[in-house]
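The listed protein sequences correspond, in order, to chains S and E. For what it's worth, the working numbering labels the leading residue of the first sequence as 67, then goes sequentially. For what it's worth, the working numbering labels the leading residue of the second sequence as 2, then goes sequentially. For glycine and all other residues, C-beta sits at the position ideal for the given N, C-alpha and C. What follows is a single structure, written as structure tokens, with notes after it.
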Amino acid sequence: MLAHVRIDLTVNGERREGVLRGGESLLTFLRDTLELPGSKNACEQGECGSCSVLLDGTLVCSCLVLAAQAEGHDVVTVEGLARDGALHPVQQAFVDAGAVQCGFCTPGLVVAVVDLLERMPHPSDDQIREALSGNLCRCTGYAKIFDAVRLAAGRA
Amino acid sequence: MSATTERPRLAVGRIGERLPREDAVPKVTGEFSYASDLSTPGMLWGDTLRSPHAHARVVSIDVTAALGLPGIHGALTHEDVPGKKLYGLEFADQPVLAIDRVRYVGEPVALVVAEHPEQARRALEAIVVEYEPLEPVVDMERALEQEPLHPDRPTMGHGYRDDRRPNVVRHLVIRHGDPDIAGDVVVTGTYELGIQDQAFLGPESGLAIPDGEGGVDIHVATQWLHVDRDQVAPCLDLRPEQVRLHLSGVGGSFGGREDLSMQIHSALLALHTGRPVKMVYDRAESFTGHVHRHPARIRCEHRATRDGRLTSVRMQILLDGGAYASSSTAVASNAASFGLGPYRVDNALIETTAVYTNNPPCGAMRGFGAVQTCFAAEAQMDQLAAELGLDPVELRLLNALEPGDSLPTGQVIEGSLPTREVIRRAAALPVPDQETLPRDPLRLPGGTGNTTTGEGIRRGVGFALGFKNICYSEGFDDFCAARVVLHADGSAVVHSAAAEVGQGVVGVMLQVARTELGTDEVTLAPHTTATVGSAGSTSASRMTWMAAGAVRDACRAALEERERRGGGEVDVERVHRHPRTTPLDPETGQITGERAHVALAVAAMRVVVEVDVELGLTRVVWVGTAQDVGKAVNPLALEGQIEGGTAQGLGLALMEEIVTRNGAIQNASFTDYLIPTALDMPPVEIELVEVPEPDAPYGVKGVGEPPTVVSTAAIVSAMRAATGRPLTRAPVRPDDICL
Ligand code: FES
Ligand code: FES
Chain S
67 MLAHVRIDLT VNGERREGVL RGGESLLTFL RDTLELPGSK NACEQGECGS
117 CSVLLDGTLV CSCLVLAAQA EGHDVVTVEG LARDGALHPV QQAFVDAGAV
167 QCGFCTPGLV VAVVDLLERM PHPSDDQIRE ALSGNLCRCT GYAKIFDAVR
217 LAAGRA
Chain E
2 MSATTERPRL AVGRIGERLP REDAVPKVTG EFSYASDLST PGMLWGDTLR
52 SPHAHARVVS IDVTAALGLP GIHGALTHED VPGKKLYGLE FADQPVLAID
102 RVRYVGEPVA LVVAEHPEQA RRALEAIVVE YEPLEPVVDM ERALEQEPLH
152 PDRPTMGHGY RDDRRPNVVR HLVIRHGDPD IAGDVVVTGT YELGIQDQAF
202 LGPESGLAIP DGEGGVDIHV ATQWLHVDRD QVAPCLDLRP EQVRLHLSGV
252 GGSFGGREDL SMQIHSALLA LHTGRPVKMV YDRAESFTGH VHRHPARIRC
302 EHRATRDGRL TSVRMQILLD GGAYASSSTA VASNAASFGL GPYRVDNALI
352 ETTAVYTNNP PCGAMRGFGA VQTCFAAEAQ MDQLAAELGL DPVELRLLNA
402 LEPGDSLPTG QVIEGSLPTR EVIRRAAALP VPDQETLPRD PLRLPGGTGN
452 TTTGEGIRRG VGFALGFKNI CYSEGFDDFC AARVVLHADG SAVVHSAAAE
502 VGQGVVGVML QVARTELGTD EVTLAPHTTA TVGSAGSTSA SRMTWMAAGA
552 VRDACRAALE ERERRGGGEV DVERVHRHPR TTPLDPETGQ ITGERAHVAL
602 AVAAMRVVVE VDVELGLTRV VWVGTAQDVG KAVNPLALEG QIEGGTAQGL
652 GLALMEEIVT RNGAIQNASF TDYLIPTALD MPPVEIELVE VPEPDAPYGV
702 KGVGEPPTVV STAAIVSAMR AATGRPLTRA PVRPDDICL
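Rendered as structure tokens:
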């Protein structure tokens, strides 16, 4: 096993540090060491998007990023989106539109939609579908997720 | 009633309202705790050694080397199972850990427990198992002549037909009228379906915590807490009350959590170490960690008069149940009972055989046998329409099964079944105009992967009808308990073990309690076996009906009790039962009482596809569907069920198949097993048909399965229209549609 290394980084606006185990992923580090289980592990192969976080403002699958690569960088997870007890507008739109069933895909999708609307405040339907095509959802058939994106965009 | 009477305004959260989910807020913030998120101080990690062979004799298992590795707290084999060595959802035919034989690739053989998951993984590699490979039984047809995999025939003697052929799990014959009766036209076909996976996103996971007194608490994602408990306790040699099952957050299930996964294993490790033990499957392990949808081979012969009335149908249905029985006997019954589709057929011979093989075990998945036969029967109806020169929708209307008609089992339909209405409403939905070319490649079949400008596109419109039972059948004593505590301040707490797996039963129970109690101050207690009786399973589209009935009954009883006592706190538990069913006659497949099925629900679907016949790519452009829902408890949640159920049927039509080679799964990842993405799903237009089910609380019907039953059939119907090919196999492969 590789030597244990200490890293520090900013997570949801706070300086955090922790000891890495071998070549562990940012996802595992967030979930197990920093105790932020909001980002989910549905494939750990970059196929499902459940683990999506923002790394220096860029949407990444945290299961594909080595935790060591995040040293000194800025990470935003789903836990960092609500402000002062109020849901982020994208989170609120997911609730209102009925875009959540089992919810396992939801944290990743919420982060992906936050990223989309930052880049593209009023996306077309095709742009929404393309932007979210890396986030699998097994429950909803996506229709209500698209509704949530339109709702959040319309409210902005 | 005077025209000026104001309609009463319901407070938030009553039956029939369009509502967001109660648990949506913790789910969007990331606070909602799924089974894989659980942790507790001092927790160890368990892992499972699985068989690399589809069929082998286990000569020896040596865990010595594993025990010597750093961080290891134990390594267990079948010898360490203190109680019953076998378990099973309906028949105990599956070893907790392999004893002297393994019957599928991925069968659990040994367990390890360690400080860290990585240490556990290394310890698995240090376990030495000597196998003597045996010839695997991998073809469902040949299985009936090969060496029996379960010579003791565990499913026989349960009121099923005694079939002496090797490897028969259940053989069911339904003979109705005179199947030999002639028709003016005859159409035949053989249809096949591959293995579909539930592919829920939240992997199997659980946390077992010893209680210090010999018992154990198991926190797990499951569909039926009490039936898990009743399987776990005997294997641990504990009394049921010493084993408490608690529902953690469930990341989808779709049938795949009906059977046990790591429940017994984690409890064994926790009791062995005296410490909490967590187990989490990764995606590859998940593919072998739960049962799948049965692959099927279905032979059909439909006879009809010149004007299109079905005179007789013969169907031969073969289902591969894989290595263990799971729920194959019930899947076989459903496949047979609903094989003809929602059509009136006076003469039929339906023969269903579910077999054991060394393929991955199959059991429950959304649609439960009806998906496979709907695909075959609807293809036959399209073929018949073409043969007769009739409109496919007209042919279906002409033969539609309605209340007063009989199922092939002799059961007369007494409840609601608005088949014609559902057909008409779906058929009336206007299809979108064809989009012009050239266009954004995102809107071509295959999306940006399409290298042409769409010259090869052919459009097709398809239609299908599907139906299925609601609730358990064939004499199963199906009940659901709920407990209501009314506090003196007027607020209430509802206790129920009904598993919330994403479908929204928590919302249904709250809506019912708020409606009955006339207050919004209602909360739900955690779902557990510790404080309330069994709710039965979240399956068979039964939970809305059963939980609504139980909560309604408990609320009414609580109000009466409070009235009787003149106030104060009351605490009552009630058990709800649906109308009793009876088994099918083992020889004739006919009902032995009034009914074998409680209620039925029907859905119709119209689909537009574009097939690129040069590239073998398909784009589903639009779906319109009408569904018989009894009463819409929460239209927002209901639409979500229809959209999501349609997506799973689309997956089976176009892309989803577990591929096996000699019994071993070849594509156990989301890289190789594809499920529909946001780019694959078309808009779904929905018509809700509300004809209340007379025996059900508030007239509700389950809604989760009919969209999955019908959508594979409807999509492939549209693809046939586009290509002119018979397309007898699902999923359809690119080669099948290249012209
Ligand atoms: S868990 Fe990272 S993409 Fe699936
Ligand atoms: S809501 Fe269950 S996977 Fe998306």
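Can you name, in chain order, every residue of its own chain whose Cβ lies under 8 angstroms from the Cβ of residue i, other than the five neighbours on each side?
i               : result
N201 of chain S : C114, G115, S116, S118, C171, G174, L175 and A178
E137 of chain S : I73, D74 and L75
H117 of chain E : W46 and G72
G569 of chain E : A489 and R563
H139 of chain S : L75, T76, L121 and D122
Which bits of chain S does residue i rub up against, with CB to CB less than 8 angstroms?
i               : result
E644 of chain E : T206, G207, Y208, A209 and K210
Give me, in chain order, the residues of the same chain whose beta-carbon lies closer than 6 angstroms to that of residue i; leave out the 5 immediate sequence neighbours on both sides.
i               : result
R692 of chain E : Rather than Arg, the amino acid found at residue 692 of chain E in this sequence is Val. Closer than 6 angstroms at Cβ, skipping near neighbours: S417 and P419.
V486 of chain E : V494 and D572
I265 of chain E : V97, V233 and C236
I194 of chain S : F212 and V215
A371 of chain E : N335, F339, K469 and V710
M544 of chain E : A499 and V506
D613 of chain E : P446, G457 and I458
E146 of chain E : none
What does DSSP give as the partner residue(s) for residue i in the beta ladder?
i               : result
R294 of chain E : E:Q197
E83 of chain S  : S:D74
A209 of chain E : E:I219 and E:V278
R300 of chain E : E:T191 and E:Q317
Y132 of chain E : E:V59
M606 of chain E : E:A465 and E:T626
H177 of chain E : E:A349
G47 of chain E  : E:V114
P96 of chain E  : E:L87
L246 of chain E : E:I219
Check the Cβ of residue i against every Cβ in chain E and list those closer than 9 angstroms, keeping chain order.
i               : result
G151 of chain S : Correct list: empty, because the minimum Cβ distance to chain E is about 10 angstroms.
I want to verify the contact list: residues of chain E whose CB lies under 7 angstroms from the CB of residue i, in sequence order.
i               : result
N107 of chain S : S37
P173 of chain S : G31
T76 of chain S  : Ordered by position in chain E, no residue passes the 7 angstroms Cβ test against T76 of chain S, which lies about 18 angstroms from the chain.
V161 of chain S : P21, A25, V26 and V29
Give every residue of the same chain whose Cβ lies closer than 7 angstroms to the Cβ of residue i, excluding the five residues on either side of it in the sequence, and list them in chain order.
i               : result
E90 of chain S  : A133
A648 of chain E : P677 and M682
R734 of chain E : none
R10 of chain E  : With a pLDDT of only 43 at R10 of chain E, under 50, the local geometry of the prediction cannot be trusted, and the value read off the model is given with reservation. Closer than 7 angstroms at Cβ, skipping near neighbours: no residue.
T306 of chain E : G184, D185 and T312
A127 of chain E : A66, A67 and L70
S538 of chain E : Q224, W225, V228 and E259
N400 of chain E : R310, L311, Y344 and R345
Using the beta-carbon of each residue, which ones in chain S are nearer than 7 angstroms to residue i?
i               : result
D283 of chain E : E110
H685 of chain E : Residue identity differs from the one stated: residue 685 of chain E is Val in this sequence, not His. Neighbours of V685 of chain E on chain S, chain order: G207 and A209.
Below 8 angstroms on the Cβ atoms is my guess for residue i versus residue j; work out the distance and round it to an integer in Å.
i               : j               : result
V469 of chain E : V710 of chain E : The question names Val, yet the displayed sequence has Lys at residue 469 of chain E. Between V710 of chain E and K469 of chain E the Cβ distance is about 5 angstroms, and since that is below 8 angstroms, they are a contact.
A76 of chain E  : V113 of chain E : 5 angstroms
C168 of chain S : C205 of chain S : 5 angstroms
A654 of chain E : P707 of chain E : About 16 angstroms separates the two Cβ atoms, so there is no contact after all.
For ligand 3, I want to know if residue i counts as a neighbour, meaning its beta carbon is within less than 7 angstroms of at least one of the ligand's heavy atoms.
i               : result
T661 of chain E : In the structure on display, ligand 3 does not appear, and the ligands it does have are ligand 1 and ligand 2.
Worksheet item: Between the segment 20 to 32 of chain E and chain S, which residues of the former have a C-beta closer than 9 angstroms to a C-beta of the latter?
Response: Residues passing the 9 angstroms Cβ filter: L20, P21, R22, D24, A25, V26, P27, K28, V29, T30, G31 and E32.
Practice prompt. Pull out every residue of the segment 427 to 458 of chain E whose Cβ sits closer than 9 angstroms to any Cβ of chain S, in chain order.
Written response: Going along the segment 427 to 458 of chain E in chain order, one finds D441, L443, R444, G448 and T449 with a Cβ nearer than 9 angstroms to chain S.
Fill in: Residues of the segment 664 to 681 of chain E whose Cβ lies closer than 8 angstroms to any Cβ of chain S, in chain order
If the cut-off is 8 angstroms between Cβ atoms, the segment 664 to 681 of chain E has S670, F671, T672, I676, P677, T678, A679 and L680 near chain S.
Item to complete: Taking only beta carbons into account, state which residues of the segment 351 to 373 of chain E come closer than 9 angstroms to chain S, listed in chain order.
Response: For the segment 351 to 373 of chain E, the beta-carbon criterion of a distance under 9 angstroms to any beta-carbon of chain S is satisfied by none of its residues.
Worksheet item: Using a beta-carbon distance cut-off of less than 9 angstroms, what residues from the segment 192 to 212 of chain E approach chain S?
Response: Per Cβ criterion, the list reads Q199, A200, F201, L202, G203 and P204.
Discussion item. At a CB distance below 7 angstroms, what residues from the segment 164 to 190 of chain S approach chain E? Give them in sequence order.
Written reply: Answer in chain order: G164, V166, Q167, C168, G169, F170, C171, T172, P173 and V176.
Worksheet item: Got a sec: which bits of the segment 626 to 656 of chain E sit with their beta carbon under 7 angstroms from any beta carbon on chain S, in order along the chain?
Response: Those would be L637, A638, G641, E644, G645, T647 and A648, in chain order.
Worksheet item: If contact means a Cβ-Cβ distance below 8 angstroms, which residues of the segment 556 to 589 of chain E contact chain S?
Response: Near chain S, meaning a CB-to-CB distance below 8 angstroms, no residue of the segment 556 to 589 of chain E qualifies.
Item to complete: Check each residue of the segment 119 to 138 of chain S: if its Cβ is closer than 9 angstroms to any Cβ of chain E, include it; give the result in chain order.
Response: When C-beta distances to chain E are compared with 9 angstroms, every residue of the segment 119 to 138 of chain S stays at or above that value.
Worksheet item: What residues from the segment 692 to 715 of chain E come within 7 angstroms of chain S, judged by C-beta to C-beta, listed N to C?
Response: Those would be none; no residue qualifies.
Item to complete: Would you list, in chain order, the members of the segment 499 to 515 of chain E that have their beta-carbon closer than 9 angstroms to a beta-carbon of chain S?
Response: If the cut-off is 9 angstroms between Cβ atoms, the segment 499 to 515 of chain E has E501, V502, G503, Q504 and G505 near chain S.
Worksheet item: Residues in the segment 233 to 255 of chain E with C-beta within 7 angstroms of chain S's C-beta atoms, listed in sequence order?
Response: Cβ contacts with chain S: V251, G252 and G253.
Discussion item. Against chain E, which members of the segment 80 to 95 of chain S pass a CB distance test of less than 8 angstroms?
Written reply: Answer set for the segment 80 to 95 of chain S: R87 and G88.
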